[in-house]
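Below: the structure, in structure tokens.
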Amino acid sequence: MAKISKGVRLEHISKIYRDPKTGRDFYAVRDTSLDIEPGTFVTLLGPSGCGKTTTLRMIAGFESPDEGEIFLGEEPINALTPNKRDTAMVFQSYALFPHYNVFDNVAYGLRLRKLPKAEIDERVRRILSLVEMEGMEARMTNQLSGGQQQRIALARALVVEPGVLLFDEPLSNLDAKLRVSMRTEIRRIQQTLGITAIYVTHDQSEAMSISDRIVIMNAGEIAQTGTPMQIYYHPDSAFVADFIGEANFLAAQVMGMENGLCRVSIDGREALVETARAMEVGQACQVVLRPEAILIGDKGLLPCKVELSCFMGSYQNYHVRAGDTLVKIADNCPINKKIYRVGDEAWIGFDKECAHLL
Amino acid sequence: MVAAGAQGKRLDRRKLFGDPIMVSTIAVLLIFLLLFILYPLATLLVDSVFSRETGFTLDVFTRVLSLGRFRTAFTNTLQLGLLTGVFSTVLGLMFAYVDVYMKVRSRVMKKLFDVVSLLPVVSPPFVLSLSMILLFGRSGLITRTLLGIYDSEIYGLKGIVVVQTLTFFPVCYLMLKGLLRNIDPSLEEAARDMGATRWKVFTTVTLPLLLPGLGNAFLVTFIESVADFANPMLIGGSFDTLATTIYLQVTGAYDKVGAAAMAVVLLSLTLVLFLIQKYYLEKRTVATLTGKASRERMLIADRSVTRPLTILCTLFSAFVILMYVSVPFGALFKLWGRNYSLSWVHFEYIFKYGGIRAFRDSFLLSLIAAPITALLSMIISYLVVKKKFRSKALIEFTSMLAMAVPGTVLGVGYIRGYANGIFGTGLLQGLYGTGLILIIVFVVRSLPVGTRSGISALRQIDRSIEESAYDMGANSGRVFMTVTLPLIKDSFFSGLVTTFVRSITAISAIILLVTPKYLLITTQINEFAEKGKFGEACAYATILILIVYGSILLMNLFMKTFGTSKKIREAQKNG
Numbered sequence: 508m509a510k511i512s513k514g515v516r517l518e519h520i521s522k523i524y525r526d527p528k529t530g531r532d533f534y535a536v537r538d539t540s541l542d543i544e545p546g547t548f549v550t551l552l553g554p555s556g557c558g559k560t561t562t563l564r565m566i567a568g569f570e571s572p573d574e575g576e577i578f579l580g581e582e583p584i585n586a587l588t589p590n591k592r593d594t595a596m597v598f599q600s601y602a603l604f605p606h607y608n609v610f611d612n613v614a615y616g617l618r619l620r621k622l623p624k625a626e627i628d629e630r631v632r633r634i635l636s637l638v639e640m641e642g643m644e645a646r647m648t649n650q651l652s653g654g655q656q657q658r659i660a661l662a663r664a665l666v667v668e669p670g671v672l673l674f675d676e677p678l679s680n681l682d683a684k685l686r687v688s689m690r691t692e693i694r695r696i697q698q699t700l701g702i703t704a705i706y707v708t709h710d711q712s713e714a715m716s717i718s719d720r721i722v723i724m725n726a727g728e729i730a731q732t733g734t735p736m737q738i739y740y741h742p743d744s745a746f747v748a749d750f751i752g753e754a755n756f757l758a759a760q761v762m763g764m765e766n767g768l769c770r771v772s773i774d775g776r777e778a779l780v781e782t783a784r785a786m787e788v789g790q791a792c793q794v795v796l797r798p799e800a801i802l803i804g805d806k807g808l809l810p811c812k813v814e815l816s817c818f819m820g821s822y823q824n825y826h827v828r829a830g831d832t833l834v835k836i837a838d839n840c841p842i843n844k845k846i847y848r849v850g851d852e853a854w855i856g857f858d859k860e861c862a863h864l865l
Numbered sequence: 018m019v020a021a022g023a024q025g026k027r028l029d030r031r032k033l034f035g036d037p038i039m040v041s042t043i044a045v046l047l048i049f050l051l052l053f054i055l056y057p058l059a060t061l062l063v064d065s066v067f068s069r070e071t072g073f074t075l076d077v078f079t080r081v082l083s084l085g086r087f088r089t090a091f092t093n094t095l096q097l098g099l100l101t102g103v104f105s106t107v108l109g110l111m112f113a114y115v116d117v118y119m120k121v122r123s124r125v126m127k128k129l130f131d132v133v134s135l136l137p138v139v140s141p142p143f144v145l146s147l148s149m150i151l152l153f154g155r156s157g158l159i160t161r162t163l164l165g166i167y168d169s170e171i172y173g174l175k176g177i178v179v180v181q182t183l184t185f186f187p188v189c190y191l192m193l194k195g196l197l198r199n200i201d202p203s204l205e206e207a208a209r210d211m212g213a214t215r216w217k218v219f220t221t222v223t224l225p226l227l228l229p230g231l232g233n234a235f236l237v238t239f240i241e242s243v244a245d246f247a248n249p250m251l252i253g254g255s256f257d258t259l260a261t262t263i264y265l266q267v268t269g270a271y272d273k274v275g276a277a278a279m280a281v282v283l284l285s286l287t288l289v290l291f292l293i294q295k296y297y298l299e300k301r302t303v304a305t306l307t308g309k310a311s312r313e314r315m316l317i318a319d320r321s322v323t324r325p326l327t328i329l330c331t332l333f334s335a336f337v338i339l340m341y342v343s344v345p346f347g348a349l350f351k352l353w354g355r356n357y358s359l360s361w362v363h364f365e366y367i368f369k370y371g372g373i374r375a376f377r378d379s380f381l382l383s384l385i386a387a388p389i390t391a392l393l394s395m396i397i398s399y400l401v402v403k404k405k406f407r408s409k410a411l412i413e414f415t416s417m418l419a420m421a422v423p424g425t426v427l428g429v430g431y432i433r434g435y436a437n438g439i440f441g442t443g444l445l446q447g448l449y450g451t452g453l454i455l456i457i458v459f460v461v462r463s464l465p466v467g468t469r470s471g472i473s474a475l476r477q478i479d480r481s482i483e484e485s486a487y488d489m490g491a492n493s494g495r496v497f498m499t500v501t502l503p504l505i506k507d508s509f510f511s512g513l514v515t516t517f518v519r520s521i522t523a524i525s526a527i528i529l530l531v532t533p534k535y536l537l538i539t540t541q542i543n544e545f546a547e548k549g550k551f552g553e554a555c556a557y558a559t560i561l562i563l564i565v566y567g568s569i570l571l572m573n574l575f576m577k578t579f580g581t582s583k584k585i586r587e588a589q590k591n592g
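Residue numbers (the working numbering), protein chains in the order written: chain A, 508 to 865; chain B, 18 to 592.
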């Protein structure tokens, strides 16, 4: 597409709502700053009520920020109404116009721009082929399946060539399989066009698979920003670690630093963990371990007792008790490994690259 | 935090003003509502407590309150409202219960219910008074011709209560039917299962659940009854209500200030009832009956219950239909009570003397009022449901307020407010006595109905559908015309027809404001009936019923062909 996509910058954005029950004001979004590079795919991820949709709606212009300023490219857009902003949104409910057919739905934005008819026809045709919906022009929207409606909603947003494409949980109404294929599709189209996309979801696997960068939000504030891998392996907080995937937290104490590695003591047993942070000797900390990073065997670092053992297909799922801590383990490819039963004694351990210190 | 909240509000306001169509629409609406609803009502209040010579005074009230005529009218009005309210609610409940709970075998029965609930909608509000006189009056078909009673007396409270009950109970029936449908059958089955008899279930489960709804229905009818002008006028005899007394105070005693004070009393009465109904009972009704029926109800098939109730309902429906049927015959019989041979004389008479003009004027004025009201009410409901701005609450309240204002009160308000121009300055004085002011009255009187239906239609449309149009670059006028309006087309058309029907059958406010320049069907009927020329009154009424019925048929046909609601409902199911 001809147009250059734009970056989005949020500077100290806040949104205050009044709780209708208590009558008290609270921050739905609090002092949030974010810089989104042109052409990147950024996902706002968080539990419900974390302020991600409110943030998206402020960028679209449906809500007005109570503090701070939003920039689209270099232009401040706080005072612009949604129709004057160079954004296009794909809604959770698709929001297709039920009284128009597919063609009229997609052409709506172009007709508003008073383009010549030939150009409208051409652009609608091109975008429908991009979302693989050629030949459906005359269908009414209620004759389409959920996935097809989703494609039309996407086409309708893309066809106006917006500077930024906004997605508000677009896949949450689809069934699990379709969700996976549609997210690949959305990513493909976004990369083909090189358009900036801001995507809201509460589904972490969706966020991981689709994004250049993930912004984790919690209680109205940004908890962490980073690439999917950074966020998964190097969470900044217990919240992020726990929210993205599953995490085990082992209480530990720092014993000393040895050339980029940190020696910690867990239940009196010492181990080495990689860390970028400087830790002080004697400091209490937590070792974060993903379930698949824990090794279970007859030897190891910590003794434990198996409380649950369950075959899941690609892995064996264990819950074991090490000291007072419940540890969840995903032991991959269980077919050629020893299977522990409930009540068995075992040992757990981990590699220093797979652990993370908090 | 306070200062922070201000930025959001300021931005919202700037966005609003960045949308000139929105701002000017809101401004026009506000001016219209202030000028034609709030201002005339405020004038009444000012008029009755303030005079130019003495300043603030309660003299007018003291004088009016000491009038024996007024005091009687006041107690009469309460008595009437109470009786009509109770009877209509009970009757409505019986019909609703039979409809929802009973296994009714014959399809005739269902059809009968439909007809009975539709009749009061299509007929002018006072048609039943005419037929009451025709059937039970001094030369009534039943009283005199069949039973040989020569001194039958139906004028007065008795007559009005019967006529009003027959006119208003279908409203209760429709309201209560909806509520009964929402009661989860398993509640009643649980009570049955624990050993309660059917009667016990009704009194301990169904009735308590329905209680706020019954209160609601009672108050709605009470307000309608108290506000009713035409029936007490035609069949009241010497039994005067507040509405008729106000009218006589203006037209008979030429005491407009006194009428204003009386109007304030009547308005306070209906307003209080309206506020109780709207802000207290309506919420409770919804709160107790939100549960969607989880599955089909087991209909009562027990003959000992169904038989008496269905027979009662059938007889009643038959009676209502008989009442309506007697109107066209009243027009076709040569001289009711004496000569029952068929003839066209009454029709010929009315068309010779002003009939054409009356139909033309009524038709034209109502036809102009209809699209204005339909569009206005759709715009108001759009603003109320989908937008946030400061004067929204005022707009919503004012347009609903008109529901609680009796036509007579509005009429007096317009006389006091516009006869000498706004605030007596001569501004807009030209409006008074024109067709335009009649059209405005029509619009104001139908606005609440249209707005209510618009609001409920819009609440069912996902907000994001309009947001996506807005987001794509359409301004709010464009969003309304290309997305909102097409989606609530049905509501728009029904608003159109409802307004037309209400306007062409309206009388209470109009009778105070109409000038000889305009002949209206309803005022003609009233005039002929007062003179005892029932043949002519019936001839007018018959044609009026046909017109109204025709427009409703047209609407249904139109909606079936072009209606969108079905499509949308399907779309929502799939989406």
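No residue lacks a Cβ here, since even glycine has one placed at the ideal position from N, Cα and C.
task: Check whether the Cβ atoms of A391/B and F575/B lie closer than 8 Å to each other.
output: No.
task: Could you confirm whether any beta carbon from chain A is found closer than 8 Å to the beta carbon of A44/B?
output: It does not: the Cβ of A44/B has no partner Cβ on chain A nearer than 8 Å.
field: Which of helix, strand or coil DSSP assigns to V103/B
entry: helix
- request: Determine which residues of the region 480-512 of chain B have a Cβ less than 9 Å from any Cβ of chain A, and write them out in chain order.
  value: R480, S481, I482, E483, E484, S485, A486, Y487, D488, M489, G490, A491, N492, S493, R495, V496, T499, V500, P503, L504, K506
- prompt: Secondary structure at Q24/B, three-state DSSP: helix, strand or coil?
  reply: Reduced to three states, the DSSP call for Q24/B is helix.
task: Compare the C-beta of T578/B against all C-beta atoms of chain A and say whether one is closer than 8 Å.
output: no
- prompt: Using Cβ-Cβ distances below 7 Å, what residues of the region 24-36 of chain B are close to chain A?
  reply: Contact residues of the region 24-36 of chain B toward chain A are Q24, G25, L28, D29, R31, K32, G35, D36 (C-beta to C-beta distance below 7 Å).
- request: Return the Cβ separation of V813/A and L864/A in integer angstroms, given the expectation that the two are a contact with Cβ distance under 8 Å.
  value: Not quite, the Cβ-Cβ distance comes to about 27 Å (not below 8 Å), so this is no contact.
- prompt: Is Q477/B helix, strand or coil when you go by DSSP?
  reply: coil
task: Just the C-alpha distance for K128/B and A602/A, rounded to the nearest angstrom, thanks.
output: 40 Å
- request: Could you check if I328/B is buried or exposed, using at least 16 other CB atoms within 10 Å of its CB as the buried criterion?
  value: exposed
field: Within-8 Å CB hit, Y706/A to chain B
entry: no
message: To the nearest angstrom, how far is the alpha carbon of I439/B from that of L445/B?
response: 6 Å
query: Mind checking F579/B: buried by the 16 CB within 10 Å criterion, or exposed?
result: exposed
- request: Provide the residue(s) that pair with P810/A in DSSP beta bridges, ordered along the chain.
  value: Answer by DSSP bridge pairing, in chain order: W854/A.
- prompt: From this set, L284/B, G269/B, G173/B, E206/B, which residue's C-alpha is nearest L62/B's C-alpha?
  reply: L284/B
task: Would you mind giving the Cβ-Cβ distance between L579/A and K522/A, rounded to the nearest angstrom? I have them listed as a contact below 8 Å.
output: Going by Cβ atoms, the distance from L579/A to K522/A rounds to 18 Å, so no, they are not a contact pair.
message: By alpha-carbon positions, which one of M489/B, E483/B, W353/B ends up nearest to T501/B?
response: It is E483/B.
Interfacial residues, the region 580-614 of chain A to chain B, with Cβ spacing under 9 Å: N585, A586, L587, T588, P589, N590, K591, R592, T594, A595, M596, V597, F598, Q599, S600, Y601, A602, L603, F604, P605, H606, Y607
query: Does any residue of chain E bring its CB to less than 8 Å from the CB of L661/A?
result: Going by chain labels, chain E is absent from the structure shown, which instead holds the protein chains A and B.
query: K844/A lies in the beta strand (DSSP E); which residues open and close that run?
result: Unbroken run through K844/A: none, as it is neither H nor E.
query: Alpha carbon to alpha carbon, how far is L393/B from V518/B?
result: 17 Å
- request: Would you please state the rounded distance, in angstroms, between the beta carbons of A278/B and S65/B? I believe it to be under 8 Å.
  value: 4 Å
- prompt: Along the chain, which unbroken stretches of the beta strand (DSSP E) at least 3 residues long are found entirely within the region 737-789 of chain A?
  reply: Contiguous beta strand (DSSP E) elements confined to the region 737-789 of chain A occur at 755-765, 768-773, 776-781, taking only those with 3 or more residues.
field: Residues near I511/A by beta carbon distance below 6 Å, same chain, minus five either side
entry: none
field: Opening and closing residue of the alpha helix (DSSP H) in which C189/B lies
entry: Residues 174-199.
message: Here's a check: name, in chain order, each residue in its chain whose Cβ is nearer than 7 Å to the Cβ of H826/A, leaving out the five neighbours to either side.
response: E814, L815, L833, K835
field: Contact set between V667/A and chain B, taken where Cβ atoms lie within less than 9 Å
entry: M489, G490
At least three beta-carbon pairs within less than 8 Å, the region 134-149 of chain B to the region 243-256 of chain B: yes
task: Just the C-alpha distance for P187/B and S688/A, rounded to the nearest angstrom, thanks.
output: One C-alpha to the other measures close to 55 Å.
message: Please report the distance separating the alpha-carbon of G592/B from that of N680/A.
response: For G592/B, the predicted structure reports a pLDDT of 38, less than 50, and the residue's modelled location is therefore unreliable. A value from the coordinates is still provided. Rounded to the nearest angstrom, the two C-alpha atoms are 8 Å apart.
- request: Would you kindly work out how many angstroms separate the C-alpha atoms of A595/A and V671/A, rounded to a whole number?
  value: 7 Å
- prompt: Could one say the Cβ of G514/A lies closer than 8 Å to chain B's Cβ atoms, at least one of them?
  reply: No - not a single Cβ of chain B is within 8 Å of the one on G514/A.
query: DSSP beta-bridge partners for M647/A?
result: Paired residue(s): N608/A.
query: Using a beta-carbon distance below 8 Å, is T307/B in contact with chain A?
result: Note that T307/B scores a pLDDT of 49, beneath 50, so its modelled location is shaky; the value from the coordinates is reported in the next line. Output row for T307/B: interface = no.
query: Could you give the residue range of the beta strand (DSSP E) that holds F153/B?
result: F153/B -> not in any beta strand (DSSP E); alpha helix (DSSP H) instead, spanning 144-153.
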